[in-house]
Amino acid sequence: MEIYTNREYLLHRQEYTFNDSVIVPIGGGKDSIVTLELLKKYLQRKIPMIINPPKATLETALMAGFSLVEIVELQRTLDVKLIRLNEQGFLNGYTPFSAMLAFVTLFVSAGARRQSTYRTIRKFLPDRTVYIADRNENLINDKQLTNDRKVVLKLGQNYLEHLAQYDSIIKTLGISLKDHPNLAEDPRILLK
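Going by full-length UniProt numbering, the first residue of the sequence shown is number 1, and it counts up by one from there.
The following block contains the structure:
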């Protein structure tokens, strides 16, 4: 499969080696139940992923034998600008849900392989500036981040104030940097 972009930055071709784990998006319907049942026979490690989970979706995952701790739960929100434009009569077409799901799954898979979100962004978007906000000020000691000229750190207790400035916010899934596992308390990576 080839993906083309008209943006000034380019995505670079990547190759993966797969292990025995698979991320399974769960929607709560019969397709999710059938998929989980079929995968029981063939895969040891399944990672259930749910976006904005209603009660039925969580129940599906629990009935399949997953505990709440094993479920990757994501929250999806619509940009306030989009809602305002709709109120003004603009038509936005449709929200590209499949593209959003693919993008989010990429970061969940990086977490499943114990890669940091920062390293995943660097791998796929090496030329983008990455803003990292974290309440732990010790992140300033991470040489990998401070030596990267395309990284801007927003550290300290008021780091949440920086979130309003960004279009995309990716909250890491509790995965800390490999070299400094004690540093990341609540890191958020921001793309402008």
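Virtual Cβ for every residue (Gly too), placed ideally from N, Cα, C.
Cutoff 7 angstroms: residue 127 Cβ touching any chain C Cβ | Of the protein chains in this structure there is only one, and it is not chain C.
Residue 53 to residue 121 span [Cα, whole Å] | Each residue's alpha carbon lies about 26 angstroms from the other.
Report all residues from its chain with a CB closer than 8 angstroms to the CB of residue 37; omit the five preceding and five following residues, and keep chain order.
-> Closer than 8 angstroms at the Cβ level, and outside the excluded window around residue 37, lie 64.
Flag this pair as yes or no: are the beta carbons of residue 24 and residue 46 separated by less than 7 angstroms?
-> Between residue 24 and residue 46, the gap from beta carbon to beta carbon is short of 7 angstroms.
Return the first residue and the last residue of the beta strand (DSSP E) that residue 155 is part of.
-> Run containing residue 155: 151 to 155, per the beta strand (DSSP E) assignment.
To the nearest angstrom, how far is it from the Cα of residue 175 to the Cα of residue 71?
-> A caution first: residue 175 carries a pLDDT of 37, below 50, which makes its placement in the model too unreliable to give a value.
Where does residue 133 sit, in a helix, a strand or coil, going by DSSP?
-> Look at residue 133 here: in three-state DSSP terms it is strand.
How would you label residue 172, buried or exposed, when you count the other beta carbons within 10 angstroms and need 16 or more for buried?
-> Residue placement at residue 172 is poorly supported in this model, since its pLDDT is 49, which falls under 50; the coordinates still yield a value, given next. A residue is called buried when at least 16 other Cβ atoms come within 10 angstroms of its Cβ; residue 172 meets this threshold and is buried.
Just checking my contact of residue 62 with residue 50 at CB under 8 angstroms: how many whole Å lie between their CB atoms?
-> Taking C-beta atoms under 8 angstroms as the contact rule, residue 62 and residue 50 fail to qualify, at a distance of about 11 angstroms.
Does DSSP put residue 33 in a helix, a strand or coil?
-> Residue 33 falls in the helix class under three-state DSSP.
Grouping DSSP H, G and I as helix and E and B as strand, with all else coil, what is residue 109?
-> Helix at residue 109.
Check whether the Cβ atoms of residue 214 and residue 151 lie closer than 7 angstroms to each other.
-> Any property of residue 214 remains undetermined from this structure, which presents the chain solely from 1 to 192.
Exposed or buried, residue 130, counting other C-beta atoms within 10 Å across all chains shown (16 or more means buried)?
-> So residue 130 ends up on the buried side.
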